[in-house]
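In our numbering, the protein residues as written are 10 to 249. Where is the CB? At the ideal position from N, CA and C, for every residue including glycine. None of the values given here were measured: they were computed from a predicted structure. A quick write-up on the structure given underneath.
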Ligand SMILES: Nc1ncnc2c1ncn2[C@@H]1O[C@H](COP(=O)(O)OP(=O)(O)OP(=O)(O)O)[C@@H](O)[C@H]1O
Ligand SMILES: [Mg+2]
């Protein structure tokens with residue numbers, strides 16, 4: 010589904026990502042860990058093709074085609090969807106209007122809004138004065154209506170209470186399972202792994218992937234020994 014070869018990315022004249030390699034297949038979920046400022050969000054913004062994220066070398070291949078030179082809009086049309094770490098607020102646009110734009114299936118929109126406890130929010134401006142957890146549910150709502158084949162989720166459970174993590178996790182898991190979709194999920198807390206079946210995890214430190222393996226096992230090691238242990242790992246291997 011997604012293949013990244015030798016990707017180096019510069020932002021504001023500084024190299025943030027350094028020779029990244031990554032491969033995520035159909036129906037596969039990969040979890041990315043890593044300390045603050047290590048380049049995780051930069052990676053997914055680069056995959057989306059946002060301006061300011063300048064690819065200096067390497068290629069991004071999606072469904073077999075090189076997408077380096079495609080505009081973000083084209084990448085979305087090809088089937089890539091993003092859930093932002095810091096979602097935008099859109100004054101003057103109601104959540105219902107975005108929902109109608111993303112999906113013409115009114116029954117599906119209504120059902121998903123109900124499932125994510127967003128029915129009352131549909132008539133409000135997108136994310137404006139929503140609580141932190143409501144913003145995350147609204148983001149999940151929007152990205153799932155878009156029906157992407159490949160989801161980029163940047164800390165989906167950050168700031169979300171345990172009950173709502175469970176709600177979001179089960180909605181997400183149903184979507185991924187029923188539709189054989191793929192995802193790259195960035196997480197600091199690891200909670201999302203209780204709901205979606207991720208077989209692989211990897212650690213990004215200072216713009217490089219250092220280690221790959223079973224995500225739950227990796228997370229336990231990080232909790233116990235810190236990220237520094239990842240850079241010392243003797244089983245260090247490329248993650249493609
Ligand atoms: N548009 C930008 N302009 C300047 N610096 C940027 C920009 N985007 C990212 N950076 C810098 O690149 C580095 C990596 O940032 P990034 O947001 O990718 O980190 P992260 O791994 O997602 O961290 P966190 O866990 O805190 O979300 C940081 O030092 C950040 O300040
Ligand atoms: Mg980030």
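According to the DSSP secondary-structure assignment, residue 10 is paired through a beta bridge with no residue. Beta-carbon to beta-carbon, residue 112 and residue 154 are separated by about 4 Å, close enough to satisfy the 8 Å threshold. Not one heavy atom of ligand 2 sits closer than 7 Å to the Cβ of residue 215.
Runs of the alpha helix (DSSP H) spanning 4 or more residues and lying entirely within the region 80–145 occur at 81–87, 104–111, 115–124, in chain order.
Looking at the DSSP output, residue 64 sits in a beta bridge with 18.
For the 8 Å CB-CB criterion, residue 214 and residue 47 form a contact. Annotation: the continuous beta strand (DSSP E) that includes residue 25 extends over 23–33.
Taking C-alpha positions only, residue 15 is separated from residue 68 by approximately 7 Å.
In this structure residue 116 is exposed. Its beta-carbon is surrounded by fewer than 16 other beta-carbon atoms within 10 angstroms.
Residue range 38–42 is occupied by the beta strand (DSSP E) that includes residue 41.
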